[in-house]
Amino acid sequence: AQSVTQLGSHVSVSEGALVLLRCNYSSSVPPYLFWYVQYPNQGLQLLLKYTSAATLVKGINGFEAEFKKSETSFHLTKPSAHMSDAAEYFCAVSDRRGSNYKLTFGKGTLLTVNP
Amino acid sequence: EPEVTQTPSHQVTQMGQEVILRCVPISNHLYFYWYRQILGQKVEFLVSFYNNEISEKSEIFDDQFSVERPDGSNFTLKIRSTKLEDSAMYFCASRPDPVAYGYTFGSGTRLTVV
C-alpha cells in the first residue's frame, strides 16, 4: 500500500528565509505526487504536481518541488518565505495502478512565518 | 477557472440524524471522490465514484454512508445516522481523465454532530 510521510508537523521560519517542507513516499510503482495548501478554515488548493514529466516542478506562489526517485522524496521549497505563506501543507500520492487513482495524504506540516 | 462547489459550508446536526452533503463537480470531470478531515488530523479517503458506481471505498465508509449522483451534476454523500465521531470537514473532489490533469477539491463542508 502506498503511504506518505511528512517530516515535521510544524515548521517555523522567518520572513525571507528558505522554506523546506519534507515529503517521502512509499509506492511500488512511480506515483503521481501532489502538494496542497490549506489556509485556515478553507479547502485544499493545489500548489503543484509531479506527473512524470520534468522532475523539478514549479507551482504557484513561488513554490517548487523536486521528485527524487532514488530517495523516494518530493520535498517542497520556496527561496524566500512571505507572511502569507503561513498555512498547512499536505503532500499526497496517487498510485498509478488501476484507474481509480485515489489520493493518499500525509499528516500535514503547519508552516508559521515569523516577522 | 472551474470550481467544485460544496453545500452547505457548515452543518450542525444531532446525533442519530441523517445528513446529506452536496457537491457539484466540474462538468467534464469523470471521477468523483469524498474525503474527510477530522480536526487536527490528516485528510482521509472515503470513497471514489466512476461511471455511476462506487469504484473504491475505505474502511471508514461503512453501511452508514452512501453516495449517489442523482441527476448528472450533483454528487451527494449521505450519512444515515450520524455519530459524534462523524464530526469532520468533508471534501468533495473531482478529476478528468487522465489523472495527470489533477484533482480539484471543493472548499469543504464542516459537519458538527452534537
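Chains as they are written, first to last, in my numbering: chain A, 58 to 172; chain B, 1217 to 1330. Don't be surprised by glycine CBs; every beta carbon is placed ideally from N, CA and C.
Classification of A:Leu90 by the beta-carbon crowding that lies within 10 angstroms, buried from 16 upward: For A:Leu90, the number of other beta carbons within 10 angstroms of its own is at least 16, and it is reported as buried.
Whole-number beta carbon distance between A:Tyr146 and A:Thr78, since they are thought to touch under 8 Å: It is Leu, not Thr, that sits at residue 78 of chain A in the sequence shown. That pair is a contact at about 5 Å.
What does B:Ala1316 reach in chain A if we use C-beta pairs closer than 9 Å? Within 9 Å Cβ-Cβ: Tyr89, Lys106, Thr108, Ser109 and Ala110.
Cβ separation of B:Ser1271 and B:Ser1264, assumed to be a contact under 8 Å, to the nearest whole Å: Indeed they touch by this definition, with Cβ atoms about 5 Å apart.
First and last residue of the beta strand (DSSP E) that includes A:Leu75? Counted as a single uninterrupted DSSP element, the stretch harbouring A:Leu75 is not any beta strand (DSSP E), since DSSP gives it neither H nor E.
With 8 Å as the limit, tell me which residues of the stretch 1245-1262 of chain B have their beta carbon closer than that to any beta carbon of chain A; keep them in chain order. Among the residues of the stretch 1245-1262 of chain B, those with a Cβ less than 8 Å away from any Cβ of chain A are Tyr1247, Tyr1249, Tyr1251, Gln1257, Lys1258, Val1259, Glu1260 and Phe1261, in the order of the chain.
May I ask you to list the residues that DSSP assigns as paired with A:Val114? Answer is A:Ala122, bridged to A:Val114.
Below 7 Å, is the gap between the Cβ of B:Val1330 and the nearest heavy atom of the ligand SAH? Here there are no bound small molecules, and the ligand SAH is not part of this structure.
At a cut of 8 Å, does the stretch 1284-1292 of chain B reach the stretch 1232-1250 of chain B through at least three beta carbon pairs? At 8 Å Cβ cutoff, the stretches touch.
Provide the residue span of the beta strand (DSSP E) that contains B:Phe1265, from first to last. Looking at the DSSP string, the run of the beta strand (DSSP E) that includes B:Phe1265 is Val1259 to Tyr1266.
Short check: CB of A:Ser84 to CB of A:Asp152, under 8 Å? Result yes, Cβ atoms of A:Ser84 and A:Asp152 sit closer than 8 Å.
Rounded to whole angstroms, what's the CA-CA distance from A:Asp136 to B:Thr1298? Just pull it up for me. For clarity, residue 136 of chain A is Pro in the given sequence; the question names Asp instead. Pairing A:Pro136 with B:Thr1298, the inter-Cα distance amounts to about 45 Å.
Would A:Val86 be called buried (16 or more neighbouring beta carbons within 10 Å of its own) or exposed? Exposed.
Listed in chain order, which residues of the stretch 146-162 of chain A have Cβ atoms closer than 9 Å to some Cβ of chain B? Within the stretch 146-162 of chain A, Phe147, Ala149, Ser151, Arg153, Gly155, Ser156, Asn157, Tyr158, Lys159, Leu160, Thr161 and Phe162 place their CB atoms closer than 9 Å to a CB of chain B, listed in sequence order.
For B:Ser1271 and chain A, any beta-carbon pair shorter than 8 Å? For B:Ser1271, the answer is yes, since a Cβ of chain A falls inside 8 Å of its Cβ.
Count the other CB atoms, across all protein chains shown, that sit within 10 Å of the CB of B:Tyr1306; report buried if there are 16 or more and exposed otherwise. For B:Tyr1306, the number of other beta carbons within 10 angstroms of its own is at least 16, and it is reported as buried.
So, is the C-beta of B:Phe1281 closer than 8 Å to a C-beta in chain A? No, because no Cβ of chain A sits closer than 8 Å to the Cβ of B:Phe1281.
Alpha carbon to alpha carbon, how far is A:Ser66 from A:Ala122? Give it in angstroms, no decimals. Straight-line Cα distance between these residues: approximately 18 Å.
Within 8 Å of any Cβ in chain B, is that where the Cβ of A:Leu101 sits? The Cβ of A:Leu101 sits closer than 8 Å to at least one Cβ of chain B.
Using the three-state DSSP reduction, which class does A:Tyr173 fall into: helix, strand or coil? There is no way to answer for residue 173 of chain A, as the model of chain A reaches only from 58 to 172.
Classify B:Tyr1251 as buried or exposed, calling it buried when 16 or more other Cβ atoms lie within 10 Å of its own Cβ. So B:Tyr1251 counts as buried.
When the distance is taken between beta carbons, is A:Gly100 closer than 8 Å to B:Gly1322? Taking 8 Å as the Cβ cut-off, B:Gly1322 and A:Gly100 qualify as a contacting pair.
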